[in-house]
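Following: one structure in C-alpha cells, then a few remarks.
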Amino acid sequence: MIVEQRERFEREYGCTEREWRGWMPSATGGHECTDDAPQALSVRIGAGHLRLQWQVLPPRAIALLRLPRLAVRFAFEGVPLDERVAFLRRFDLHLQRGGG
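Heads up: take any position in the sequence shown, counting from 1, add 1478, and you land on this note's numbering.
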C-alpha cells in the first residue's frame, strides 16, 4: 500500500457520511478529534493537526446498483512527514474494505 506523503490531498470514499463519522474514532487511533463544522473534523497529531473536510457526492451508478460517495480533503499542518505516514498507514488500514 502506498501512503500519501503530501501535506494536502483529496480522496474519494465509498460510504455515507454517517458511516464516515462512525469510523473516525477508531480510524484516528485515539487522537483527539474536534468537530469544526458540519462536514469537517480536526485531528490533533503531536504538535500539529489534520483537518478533514468532506462533501457528499452523487452516488456512483453501476447498472441498478447505487454506491454512496464522499470527497474528502486532507490538510496536515505542523505534522512531520514520519508522523503523517504513520498516521495514514493506520487510518488507511482501518478504512480498507474488501469483498469476497
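Glycine included, C-beta positions come from ideal geometry on N, C-alpha and C.
When rounded, the separation of the alpha-carbon atoms in G1508 and E1495 is 20 Å. Sequence-distant partners of R1529 (beyond 5 residues in either direction) whose C-beta falls short of 6 Å from its own C-beta, in its chain, are S1520 and A1553. The secondary-structure analysis by DSSP pairs G1507 with nothing; it has no beta-bridge partner. Residue range G1526 to I1540 is occupied by the beta strand (DSSP E) that includes V1534. Q1533 is a Cβ neighbour of A1549, given a cutoff of 8 Å.
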